[in-house]
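Remarks on the structure that follows.
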Amino acid sequence: MKKVLVAGATGYLGRYAVQEFKNRGYWVRALVRNPEKAKQPGPYFAPAIDTLADEVFVGDATKPDTIAEVCSGIDLVFSSLGMIKPDFVHSNFDVDYQGNLNILNLALKAGVKKFIYVSVFDAHRMMNIPNVQAHEKFVKELQAAKIESAVIRPTGYFSEIGQFVARTRKGYMLWVGEGYQRSNPIHGADLAKVCVDAVDGTEREVGVGGPEVYTYREMVDLAIEIGGTDPILLPLPNWLVEGAVAVTGLFNRDVHDVALFATNLSKMDIVAPQHGTHRLRDFFTQCKAL
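The opening residue of the sequence shown carries number 14 in the numbering used here; numbering runs sequentially from there.
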């Protein structure tokens, strides 16, 4: 039985990855900072992992002394470890780059056979964004290391748009620009399947999106239909948002970096090869019950 370490195991994708690896017969070690989070379901219906994982390993990837044995006996590392919102303690480079590099160094020392890492689709178009820079700095380290690897590049997660229905039911909906940019976000369960498929695959990089392509405005319209409301629609011009993001950077770099990422995405199409079976309409219908 192959043994896998899942880093970022309490994140949206990490939870589904633990589930998918178990479904395929792997022995799973889940790396978590907070063991209590492992006992609870994750955001937007992602499963609790404490009863799925064979071992919950408590440690902080940014503190090497707490994870010294995390790769012991492991055949494969899967990492979706990364910052998704400011914690005002760590930077993107602390987590997305250095945290993953700490795990990679331990994997090399332990003789791990393969390392699968989740970065960003079309990252080369967004290298002005610190969290993308951090992801890609680690990708370079990984691809230069003496270990077989695969980089998974998703467009975006369903969890990132799960708040749409709630916003429309509160009576308002904001977006940046005209809302005609296209993307195909993917459900965590569908993305996890692609990630686990990469274990036996030969591709070094895998671009992946969901089965349906929407404009931002079409996603808003779908959320309004399912929410059954008539909210106020507030499209914000790019120049206004970019100015606000720049000002934010003078006061809080962490919030600025997250806002910069969202602003950049609002100005470009992000459409990757289509995978999976989960439909946005069904997901929004689930979200209505939240």
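Ideal placement from N, C-alpha and C gives every residue a C-beta, glycine not left out.
Query	Result
Cβ shell of Ile87 (< 8 Å), same chain only, five flanking positions each side left out	Lys16, Val17, Leu18, Arg42, Ala120, Ala123 and Val125
Simplified DSSP state of Ile245, which is helix, strand or coil	strand
Nearest neighbour of Asp243, chosen from Phe151, Met186, Ala157 and Tyr39 [CA to CA]	Met186
Alpha carbon of Val90 to alpha carbon of Arg180, nearest angstrom	37 Å
Assigned secondary structure, Phe134 (DSSP; H/G/I helix, E/B strand, else coil)	coil
Environment of Ala302 [buried if 16+ CB atoms lie within 10 Å]	exposed
Uninterrupted beta strand (DSSP E) stretches inside the segment 38-120 (no shorter than 3 residues)	40-45, 68-71 and 89-92
Local conformation of Val178 per DSSP, three classes	helix
Three-state secondary structure (DSSP) of Ala20	strand
Best match in Pro56, Asp135 and Met14 for proximity to Glu173 [C-alpha to C-alpha]	Pro56
Start-to-end residues for the beta strand (DSSP E) that takes in Tyr185	Tyr185 to Val189
Endpoints, beta strand (DSSP E) assigned at Pro167	Glu161 to Pro167
Buried versus exposed, by CB contacts within 10 Å (16 or more), Leu247	exposed
Thr298 in three-state terms, based on DSSP	helix
Per-residue burial, His148 [other beta carbons within 10 Å of its own, 16 or more giving buried]	buried
Per-residue DSSP class, three states only, for Gln194	coil
Those residues which DSSP pairs with Gly222 across a bridge	Gln287
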